[in-house]
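Presented below is the structure to which this report refers.
In the numbering used here, the protein residues as written are 1 to 118.
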């Protein structure tokens, strides 16, 4: 892969990550869930007691998306065999938001649970 193509892919993954967070904020979600499945990468949010599936992304974005969230949360990208936690601070419409990000290793691969802090 050329350097230019790699940068373009990183930009796309970053855009996907921020879009996921922005969607969750707009829908007043308490959690963001990103998990690999047999049919792709499922992105859901939790609003109250209800879990809403929003996207099913292709498998090819799984690892880059997990790594992007790890970088944003200050988590070691190379560590994949234990529970990891970090924090993402973001502003949307001048309002500050804080996400507590947990990366879990499961049978199909790493999954993210990002909880909005009160």
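Idealized CB from N, CA, C, for every residue including glycine.
As the structure is a prediction and not an experimental result, all values here were calculated from the model.
- Query: Under a three-way DSSP split, which group does residue 83 fall into?
  - Reply: Translated into positions along the chain shown, residue 83 becomes position 83. For residue 83, the secondary structure class from DSSP, reduced to helix, strand or coil, is coil.
- Roughly how many whole angstroms lie between the Cα atoms of residue 107 and residue 28? By 1-based counting over the chain shown, the position of residue 107 is 107. By 1-based counting over the chain shown, the position of residue 28 is 28. Distance between residue 107 and residue 28, taken at the CA atoms: about 30 Å.
- Spatial distance of residue 36 from residue 111 (CA atoms): Residue numbering aside, residue 36 sits at position 36 when the chain shown is read from its first letter. Residue numbering aside, residue 111 sits at position 111 when the chain shown is read from its first letter. For residue 36 and residue 111, the distance between alpha carbons rounds to 7 Å.
- Sequence-distant residues of its chain with Cβ nearer than 7 Å to residue 62 (five each side left out): Residue numbering aside, residue 62 sits at position 62 when the chain shown is read from its first letter. 36, 41, 109, listed in sequence order.
- Query: Looking only at C-alpha atoms, which of 77, 85, 56 sits nearest to residue 115?
  - Reply: Position 115 of the chain shown holds residue 115. Nearest to residue 115 by alpha-carbon distance, out of 77, 85, 56, is 85.
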